[in-house]
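**Q** Numbering (my numbering), first residue to last: 835 to 1179. No residue lacks a Cβ here, since even glycine has one placed at the ideal position from N, Cα and C. As the structure is a prediction and not an experimental result, all values here were calculated from the model. Sending over a structure as structure tokens; questions will come in a sec.
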């Protein structure tokens, strides 16, 4: 006699139900982005079409989509796919310095399901992080999960410093760029941007732009197509041990103010540039100016530190506390930031 034991139906665990609900809630808001750009391979051939792919997230019913700038950089044709239906998209605004872009697509209203943008300032290391996107540009809308591995990471890529990045071990691969990182409430907490990998695949070290950073720029990107950045209005020289010793300076790190822009933010606040000169080769270097060592108590050591901190954290018209060294004494100067000349990007 053959007997068959029948197991009770598998019951989903509460955490599994939560993940399923997040997927069902968010996946209608996630799109695949496919691009075509033309690349000059040499001077004697016609430009060659190159395909690219990425992801994005719908942010309102008017068809605006948030993604990474590098996903659509140089594209002559952009197509957005909702599940299996594709529509042409146009670029509304970009900020290359922050690797963000806004697209707009004309699609049926029932496909335009805006995601809820959360508050990335409330993130804690260890909480669940869920990545949604289109891995490798061919797999379609996919969900992976992990945790917030770290917050406020500064990541330098070539000459650009991305400040305050969210680090996660949720699998992020090529094609995921521009897709949302979300919490268990289904709120977008970041935009998946890059990974550290020697193989090109996910090794559990991914980085996302905090959604609060994106939220600062979205209104300007939609209304103006660009972002106007704030500036301190100074020309500076990054110090090191050798320069500091040669100039007899009291600190070995920081930014020596060579001069201030007439009528600029720093000059109006009383920050001083050089008042005497030394010969350097065939030129002259102004010395004797203030040394900037911190912004809002955040240490700055390079020109990139200075510009990226202001662009990431400040707006035109906002204030920044600048810590300076003058006459071997530290003091703080409150500076109201003006627009950076030719800064629209």
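How many angstroms separate the CA atom of residue 1118 from the CA atom of residue 1110?
**A** Taking the straight line joining both Cα atoms gives about 10 Å.
**Q** Give the straight-line distance between the Cα atoms of residue 911 and residue 921, rounded to the nearest whole angstrom.
**A** Roughly 11 Å between the two C-alpha positions.
**Q** Can you tell me whether DSSP reads residue 1093 as helix, strand or coil?
**A** Strand at residue 1093.
**Q** Compare the beta carbon distance of residue 1158 and residue 1126 with 7 Å and say whether it is the shorter of the two.
**A** Contact flag set, yes.
**Q** Is the region 1007-1018 touching the region 962-981, taking contact as three or more C-beta pairs under 8 Å?
**A** With a cut-off of 8 Å, the region 962-981 and the region 1007-1018 count as touching, because enough Cβ pairs lie within range.
**Q** If I'm right that residue 902 touches residue 1002 with Cβ under 8 Å, what's the distance once you round it to whole angstroms?
**A** Not quite, the Cβ-Cβ distance comes to about 16 Å (not below 8 Å), so this is no contact.
**Q** How many Å lie between residue 1063 and residue 1174 at the Cα?
**A** Between residue 1063 and residue 1174, the C-alpha separation is close to 6 Å.
**Q** To which residues does DSSP link residue 1001 through a beta bridge?
**A** Residue 1001 is bridged to 984, 1041.
**Q** Counting Cβ pairs closer than 8 Å, one from the region 983-1000 and one from the region 1060-1079, do we hit at least three?
**A** No contact exists between the region 983-1000 and the region 1060-1079.
**Q** Does the Cβ of residue 973 have 16 or more other Cβ atoms within 10 Å, making it buried, or fewer, making it exposed?
**A** Under this definition residue 973 is an exposed residue.
**Q** Considering only the beta carbon of each residue, do residue 1045 and residue 954 sit closer than 7 Å?
**A** Yes. Within cutoff.
**Q** Checking 7 Å against the spacing of the C-beta atoms, do residue 1123 and residue 1097 come in under that value?
**A** No, these two residues do not count as a Cβ contact at 7 Å.
**Q** Can you check whether the CB of residue 957 is closer than 7 Å to the CB of residue 985?
**A** Yes, the Cβ-Cβ distance between residue 985 and residue 957 is below 7 Å.
**Q** Taking residue 1170 as the reference, which of 1134, 1130, 1163 has the closest Cα?
**A** When only C-alpha atoms are compared, the closest one is 1130.
**Q** Can you tell me whether residue 1076 is helix, strand or coil according to DSSP?
**A** Residue state, collapsed to three classes: helix.
**Q** Tell me where the beta strand (DSSP E) around residue 1146 begins and ends.
**A** Residue 1146 -> not in any beta strand (DSSP E); alpha helix (DSSP H) instead, spanning 1137-1147.
**Q** Give, in chain order, every unbroken run of the beta strand (DSSP E) that is at least 3 residues long and sits entirely within the region 857-914.
**A** Those beta strand (DSSP E) runs which fall completely within the region 857-914 and span 3+ residues are 864-873, 882-892, 898-901.
**Q** Rounded to the nearest angstrom, what separates residue 960 and residue 1000 at their Cα positions?
**A** In a straight line, the C-alpha of residue 960 is about 12 Å away from that of residue 1000.
**Q** So, with DSSP's three-state summary, where would you put residue 1119?
**A** Residue 1119 falls in the strand class under three-state DSSP.
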